[in-house]
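Chains as they are written, first to last, in this note's numbering: chain E, 1060 to 1354; chain P, 1060 to 1354.
Note that the Cβ used here is the ideal one computed from N, Cα and C, for glycine as well.
Note that the coordinates shown come from a computational prediction; the quantities given were computed from them, not determined experimentally.
Protein chains: 2
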Amino acid sequence: MNYKEALEQKIKLINHYLDKLFNSIPDSQAKIIYDAMAYSIFAGGKRLRPVLMLSAFEAVGGEGEIIYPFACAIEMIHTYSLIHDDLPAMDNDDLRRGKPTNHKVYGEGMAILAGDALLNKAYELMIKASLTCSGREALEAMDIIATCAGTEGMIGGQVIDLLSEGRQVDMETLLFIHKNKTAAMIEASLKAGGILGKGTKEEIEALGQLGYCIGMAFQIQDDILDITGSQEKLGKAINSDIKNEKATLVSIVGLEASRKYVEKLTKQGISALEVFGEKAAFLAWLSYYLMTRTY
Amino acid sequence: MNYKEALEQKIKLINHYLDKLFNSIPDSQAKIIYDAMAYSIFAGGKRLRPVLMLSAFEAVGGEGEIIYPFACAIEMIHTYSLIHDDLPAMDNDDLRRGKPTNHKVYGEGMAILAGDALLNKAYELMIKASLTCSGREALEAMDIIATCAGTEGMIGGQVIDLLSEGRQVDMETLLFIHKNKTAAMIEASLKAGGILGKGTKEEIEALGQLGYCIGMAFQIQDDILDITGSQEKLGKAINSDIKNEKATLVSIVGLEASRKYVEKLTKQGISALEVFGEKAAFLAWLSYYLMTRTY
């Protein structure tokens, strides 16, 4: 099996667990909330965060099923953040991954609740999984995820992003937004995977470094694709950052310097993996693969 | 110390811990999110849920400090739900506890994020507290809280409430909303307090029954006060349910039958406390006190 096939297999596994989760919901008067949650969960996400978590788990030699509820939870937290980001009071986006955004289908009120419900369900899942596990690693993984998803991580980044709308943004602020809004959860995915797999302190640290680097690279690549990509492949309007007067690295330092920065970050991330030797070969490949993605 | 003084002391203790929490926030570019969170946390809430949690903890003979982060967390989850409920896409309320609602002060986008941040911070707090605790009771308490706050609890109730707006609602639906939107978190507060205090299975069950009963009574009393109360005491507009064409128990069975139902539920709840003997005297008093409240 080559790396590309390994990636596809991981995505399939994660989708299988997400399917199982949404197929086993209790009969409820409030069924529509599950529909709204599932709509965004199954709207064609790349499953990057759960794939990274699973790969980190495997790289440290992790065993057992505990990784799957955590992988689903990280995808749920990511999806809640997208639903709320797309709301009229935030980015006001009509299209996400080629489909109408959650509030366009279910209305604003239900979309707010669907986001809330995904965030809460993510913790429900992780807590229930932690109850089946004798060690402390599940609690430690939750701690990392909760911190990176919160005011000192993803939400903090979103706050500054919201305040920066329509304003001239300097490099420092832009990097703060990317680091917190995007890289924090990618870092959390990798570290939590390593912790759940009972990796060494040195390994977890290396995974954290990789996470920061490819998280930043991923977001800058997103900014680049907003200019050079195709609407069809991306599933969303291109040039949206220009239209929304949104500062990106590209608008500050230009396309070529941005590309070089993505490359530098990716190499830096991969070099942090040295401590693993061969065991992180897939993670190294995936980091390169992300750098060259066109969607 | 009489009961009223004991109640005030508990509220003081909880406010002290909440103060400490918001006074020790890290220096951050995203400081405004903490302001928005604190605005609603310190907007004059009755601290009912944390007081109940603390009282249940004491009733089962609980010891130690673990109860305080959990008590703060339950108040944060309650506060997040109020901020999101008040949004224009939901109840569209301008006033809460006599003050402008969160989105009126911070804008809609920031209010959505402040709600998200409070929910996430609640889990951060509980997870960090769980890491300091050797037993499983913290995880079990989190499990109850997460379930009652989610789609099979508070969010489920809010979904049906949202869908019922401007519609004729039957008794069954109304009781579903009250049970899930209000009673679930009150039940969770009491049960989690009992679990954290290492109560017996029998005690936890009794606390759950009390929670359901006084949770329902509390919400119906709210509906009654919306008609008979004073705007000054309540800190919000009265007759809002009529204006918003919101079905309440009062609109279905009338004022007198609603009052009788509150009384019946309260007595039923208190009788569940028999298993405790004298140890639950404060909880019994508090249940009566809530029944006769005017704000």
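Closest residue to residue i among the options (Cα-Cα distance)
| i | options | result |
| --- | --- | --- |
| I1133 of chain P | P:I1091, P:L1249, P:L1172, P:D1150 | P:L1249 |
| G1253 of chain P | P:I1203, P:Y1076, P:L1072 | P:I1203 |
| V1164 of chain E | E:N1179, E:M1096, E:G1121, E:M1149 | E:M1096 |
| D1150 of chain P | P:Q1278, P:D1300, P:G1174 | P:D1300 |
| K1079 of chain E | E:A1065, E:T1259, E:M1060, E:I1100 | E:I1100 |
| A1242 of chain P | P:G1215, P:K1260, P:T1259, P:D1229 | P:G1215 |
| G1267 of chain E | E:L1072, E:L1345, E:I1329 | E:I1329 |
| G1258 of chain P | P:E1196, P:E1246, P:G1157 | P:E1196 |
| Y1098 of chain E | E:A1065, E:P1159, E:D1281 | E:P1159 |
| E1304 of chain E | E:D1282, E:T1287, E:L1314, E:Y1320 | E:D1282 |
| C1131 of chain P | P:E1333, P:K1069, P:H1237, P:G1270 | P:K1069 |
| A1065 of chain P | P:V1119, P:L1113, P:A1247, P:T1232 | P:L1113 |
| E1264 of chain P | P:K1071, P:V1119, P:E1067, P:I1091 | P:V1119 |
| L1107 of chain E | E:R1226, E:T1210, E:I1245 | E:I1245 |
| L1269 of chain E | E:S1346, E:A1205, E:I1286 | E:S1346 |
| K1260 of chain E | E:Y1062, E:M1135, E:K1180, E:F1335 | E:F1335 |
| Y1182 of chain P | E:C1207, E:S1317, E:E1262 | E:C1207 |
| L1234 of chain E | E:Y1139, E:E1211, E:L1308, E:L1349 | E:L1308 |
| S1189 of chain E | P:K1180, P:A1200, P:N1179 | P:A1200 |
Residue i - partner residues in DSSP beta bridges
| i | result |
| --- | --- |
| L1154 of chain P | P:P1159 |
Min CB distance residue i to chain P below 9 Å
| i | result |
| --- | --- |
| N1074 of chain E | no |
| L1324 of chain E | no |
| R1195 of chain E | yes |
| K1260 of chain E | no |
| Y1355 of chain E | Because chain E is modelled from 1060 through 1354, residue 1355 of chain E falls outside the range shown and cannot be assessed. |
| H1143 of chain E | yes |
| T1160 of chain E | no |
| E1167 of chain E | yes |
| Q1217 of chain E | yes |
| Y1139 of chain E | yes |
| Q1088 of chain E | yes |
| E1211 of chain E | yes |
| S1317 of chain E | no |
| I1100 of chain E | no |
| L1190 of chain E | yes |
| F1235 of chain E | yes |
| K1187 of chain E | yes |
| Y1182 of chain E | yes |
| A1242 of chain E | no |
| M1135 of chain E | no |
Minimum Cβ-Cβ distance from residue i to chain E less than 9 Å
| i | result |
| --- | --- |
| I1311 of chain P | no |
| N1239 of chain P | yes |
| E1085 of chain P | The amino acid occupying residue 1085 of chain P in the given sequence is Pro; Glu does not appear at that position. Cβ-Cβ to chain E under 9 Å: yes for P1085 of chain P. |
| M1230 of chain P | no |
| G1225 of chain P | no |
| G1202 of chain P | First, the residue type needs correcting, since residue 1202 of chain P is Asp and not Gly in the sequence shown. By this cut-off, D1202 of chain P is an interface position. |
| D1175 of chain P | yes |
| N1179 of chain P | yes |
| K1079 of chain P | no |
| L1308 of chain P | no |
| L1332 of chain P | no |
| L1112 of chain P | Residue 1112 of chain P is actually Met in this sequence, not Leu. No, M1112 of chain P lies away from the interface with chain E (no Cβ there is under 9 Å from its Cβ). |
Helix, strand or coil at residue i according to DSSP, with G and I counted as helix
| i | result |
| --- | --- |
| K1323 of chain E | helix |
| R1195 of chain E | coil |
| Y1127 of chain P | helix |
| E1304 of chain P | coil |
| K1338 of chain P | helix |
| T1241 of chain E | helix |
| T1287 of chain E | helix |
| E1224 of chain E | coil |
| A1181 of chain E | helix |
| G1258 of chain P | coil |
| E1122 of chain E | coil |
| A1102 of chain P | coil |
| E1211 of chain P | coil |
| Y1348 of chain E | helix |
| I1032 of chain E | This structure leaves residue 1032 of chain E out entirely; chain E is present only between 1060 and 1354. |
| M1112 of chain E | helix |
Heavy atom of the ligand GTP within 8 Å of residue i beta-carbon
| i | result |
| --- | --- |
| L1141 of chain P | In the structure on display, the ligand GTP does not appear, and there are no ligands present to speak of. |
With three or more beta-carbon pairs closer than 8 Å as the criterion, would you say the stretch 1212–1224 of chain P touches the stretch 1165–1176 of chain P? no
Quick test of the definition: if touching needs 3 or more C-beta pairs under 8 Å, does the stretch 1335–1342 of chain E touch the stretch 1077–1089 of chain P? The stretch 1335–1342 of chain E, when compared against the stretch 1077–1089 of chain P, does not touch it at the 8 Å Cβ threshold.
State whether the stretch 1124–1143 of chain E contacts the stretch 1133–1145 of chain P, with contact taken as three or more CB pairs (one from each stretch) at a distance under 8 Å. no
Within the chosen definition, does the stretch 1310–1323 of chain P reach the stretch 1261–1279 of chain P through at least 3 CB pairs nearer than 8 Å? yes
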